[in-house]
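Chains as they are written, first to last, in our numbering: chain C, 8 to 92; chain H, 1449 to 1873.
The beta carbon of each residue, even a glycine, is placed where N, CA and C say it ideally should be.
Just so we're clear, the structure is a prediction, and the values are computed from it rather than from any experiment.
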Amino acid sequence: MTLATLQTRLTCPFCGPRHLSEFVFHKTVAPPNASPFAEVYERIDNPNLSIEHWQHVRGCRSWLRVHRNPSSGSVLEIHLLGAAI
Amino acid sequence: MRGASPHYSAWSLLRARIKGHGYWQPLWTGHKLQEAYDVVIVGAGGHGLATAFHLARDHGIKRIAILEKRLVGYGNVGRNTTIVRSNYLLPENHYFYEDSLRRWATLSRDLNYNVMYSPRGVLDLALSEDEMSKAARRGNAMRLAGIDAELLDRAALKRYCPELDTQRARRFPIVGALLQRRGGTVRHDAVAWGYARAASALGVDIIEDCEVTGVRSTAGMASGVETTRGYVEAERIVFATAGHTAMIGSMLGVPLPIETHLLQAMVTEPIKPLLNTVLVYVYPGHGETYICQSDRGGLVMGGMLDGFPSYTREGRWDRMEDVVEGAVDLLPHIAGCKILRHWAGTNDMTMDGSPIMDRLRYDNVFVNAGWCYGGFKAIPASGAAFATFVATGSAPDLIKAYRLSRFTTGHLLDERGGGPFPVRL
Ligand SMILES: Cc1cc2nc3c(=O)[nH]c(=O)nc-3n(C[C@H](O)[C@H](O)[C@H](O)COP(=O)(O)OP(=O)(O)OC[C@H]3O[C@@H](n4cnc5c(N)ncnc54)[C@H](O)[C@@H]3O)c2cc1C
Ligand SMILES: [Zn+2]
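In structure tokens form, the structure reads like this:
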């Protein structure tokens, strides 16, 4: 299921669909079991699935884990960061 | 049969004038993919083409192919805002980019193709006394390295660029600028075409519509590439794939310190000559605009990255608004101009903002990438130095700092001082 096309909106689990400019992208996740250096510098850059940390800075300020398809721009899943999926 | 375009000179142009358009030949034609090469270069962007040219011209390597999944110039070499400069703070960067800027000055002659280098000056606007001190620091670092830099106060800025509105009341007033006079613009398409024509004339095969999908190896060395046109054997392989390098990392099973982000650019309808320099304007809490005028008269503008990974090549709308607002703020009289075209490119953003020129996984596989949103200006220096690296196996001093291991030893080249993030909004 596609939640939204990221170009304009992102759906916060608390605030609902909000304009993209309310959110700030932080980073894509590093490969699993990475060394401390890799944790900081390496990224999983997959054109079909990007797993990312965002924050709803101009809203409820919660940290989010967002799954997207960066080739189509569609958002696949959004969870509160740290919450069990 | 391979066609060759004739040598251009004042006489040949005169002849063309008399003979009419029948004089003009395709810049390169008739290239056929062979079964094996000494060097296979993946990606016909600026860096791939320049590397091929120098491998053939300076190192006498005979069997070279460039494999391009789309068309020559389809990638960022044909999408950038054409700005060239060497006003970097860190020594590793300013020596490298200065080498490139010197090469731009003679490139038209070297390629026998007019790339329209226009040293019209690049102005980095300063909006506070703090920013003036930062500009002075960068300018001094450059001057110590023998690179031209001038700090302009508001009056001097007004003299250099009279069309810039420095007087209007702003939350952050324009107080001065750092000027590099030899910075300016170069016609981007001409760079791709000029290198492709020159490389072709030296026997390089340019194969379009040929995507590399895998690397084969035997006994710990790469032996060739899988492509959409079949297997090609190669003694050495060069990846110059810019905004698709992260995918190459996955292909080879090497995670890279790269995220792929979009950068947009746009151009207005042509207007009479207005702006004879390049303005770079970063306004706090808001965004960024850089603007120059093309020889055809269009105002070419760009700004910040979109801010998250994307391969769509469709820019976000509010970023376009930021860029246009900044442009109109600097030059209020352009407010009525229409945007004619707008596009975006995928950028291979590294975690310190500096490029990567190294081997990748195998001893005979090389990667020339991580150009972020500033790799157009680097093309001439990168091509020459990288060709030396590929031909001799040892990296020239000019590019030694760009090795991949810096991300595990901590010797980063973080020009912006922004930490391991391509964007901080
Ligand atoms: C909007 C915008 C504005 C910019 N402005 C400036 C500027 O003002 N000044 C500046 O210095 N820099 C600027 N840049 C950055 C600069 O354009 C790039 O850093 C530089 O062009 C990248 O190197 P390249 O030319 O080799 O890349 P590209 O032209 O992108 O070449 C890479 C090629 O590899 C091909 N490829 C990828 N994967 C494969 C594969 N698997 N098989 C075969 N082929 C493949 C692609 O199709 C592409 O043609 C800008 C970039 C953008 C997007
Ligand atoms: Zn929220």
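Uninterrupted alpha helix (DSSP H) stretches inside the segment 1619–1656 of chain H (no shorter than 4 residues): 1636–1649
Sequence-ordered residues whose beta carbon comes within less than 5 Å of a heavy atom of ligand 2: Cys19/C, Phe21/C, Cys22/C, His63/C, Gly66/C and Cys67/C
Three-state class that DSSP yields for tryptophan 1472/H in the structure shown: coil
Interface flag, tyrosine 1759/H vs chain C, CB-CB below 8 Å: yes
Residue-chain proximity (histidine 1859/H, chain C), Cβ-Cβ < 8 Å: no
DSSP three-state assignment for arginine 1427/H, whether helix, strand or coil: The question about residue 1427/H has no answer here: the residues shown for chain H are numbered 1449 through 1873.
C-beta neighbour in chain H for threonine 18/C, strict 8 Å: no
Whole-angstrom distance between lysine 1517/H and threonine 1794/H, CA atom to CA atom: 15 Å
Same chain, Cβ closer than 7 Å to asparagine 76/C, neighbours up to 5 away in sequence not counted: Asn55, Leu56 and Leu83
Of the listed residues Asp1572/H, Phe1501/H, Thr1614/H and Cys1785/H, nearest to asparagine 1642/H (C-alpha basis): Strictly speaking, residue 1642/H in this sequence is glycine, with asparagine absent from that position. Closest option to glycine 1642/H, Cα to Cα, is Phe1501/H.
Isoleucine 1531/H CB to nearest heavy atom of ligand 1 below 7 Å: yes
Buried versus exposed, by CB contacts within 10 Å (16 or more), aspartate 1547/H: buried
From Thr1499/H, Pro1474/H, Gly1755/H and Trp1476/H, residue whose alpha carbon lies closest to that of threonine 1689/H: Thr1499/H
4 or more residues per run - each alpha helix (DSSP H) lying fully within the segment 1499–1566 of chain H: 1539–1559
Tyrosine 1729/H beta carbon near ligand 1 (any heavy atom closer than 7 Å): no
Serine 57/C: contacting residues in chain H (beta-carbon distance under 7 Å): Pro1757
Residues in the segment 1671–1703 of chain H having any Cβ partner in chain C nearer than 8 Å: Ala1694, Met1695, Gly1697, Ser1698 and Pro1703
Rounded separation between asparagine 1524/H and valine 1776/H - CA only: 26 Å
Endpoints, beta strand (DSSP E) assigned at tyrosine 1810/H: 1810–1817
Option nearest isoleucine 1912/H by Cα separation, candidates Ser1453/H, Ala1504/H, Gly1491/H and Gly1508/H: Since the first and last residues shown for chain H are 1449 and 1873, residue 1912/H lies out of range.
Closer than 8 Å at the beta carbon, the chain H residues around leucine 27/C: Arg1764 and Asp1766
Any chain C beta carbon closer than 8 Å to proline 1732/H: no
Ligand 1 heavy atom lying under 7 Å from the CB of threonine 1689/H: yes
Listed by chain order, chain C residues near phenylalanine 1869/H by CB distance under 8 Å: His33 and Lys34
Distance cut-off 7 Å: alanine 1500/H Cβ against heavy atoms of ligand 1: no
Beta strand (DSSP E) runs contained entirely in the segment 1750–1794 of chain H, provided each spans 3 or more residues: none
Near-chain C residues of the segment 1787–1799 of chain H (beta-carbon distance less than 8 Å), N- to C-terminal order: Met1799
Strand pairing of histidine 127/C, partner residues [DSSP]: The question about residue 127/C has no answer, for chain C in this structure spans 8 to 92.
Amino acids of chain D, ordered along the chain, whose beta-carbon sits closer than 8 Å to that of proline 1705/H: As a matter of chain content, chain D is missing from the structure shown, whose protein chains are C and H.
C-beta contact flag for leucine 1861/H and isoleucine 1804/H at 8 Å: no
Under 8 Å from the C-beta of proline 24/C: neighbouring residues of chain H: Chain H residues near proline 24/C: none, gap ~16 Å exceeds 8 Å.
is_contact[arginine 1855/H, chain C] using C-beta, thresh 8 Å: First, the residue type needs correcting, since residue 1855/H is phenylalanine and not arginine in the sequence shown. So, interface residue.
Residues bridged to phenylalanine 1687/H [DSSP beta-bridge criterion]: Val1490/H and Val1815/H
Proximity winner among Gly1496/H, Thr1614/H and Arg1629/H, relative to isoleucine 1622/H (alpha-carbon distances): Thr1614/H
Minimum Cβ-Cβ distance from phenylalanine 1708/H to chain C less than 8 Å: What sits at residue 1708/H in the sequence shown is threonine, not phenylalanine. Yes, contact with chain C.
Nearest-angstrom Cα separation, counted from alanine 1682/H out to isoleucine 1509/H: 13 Å
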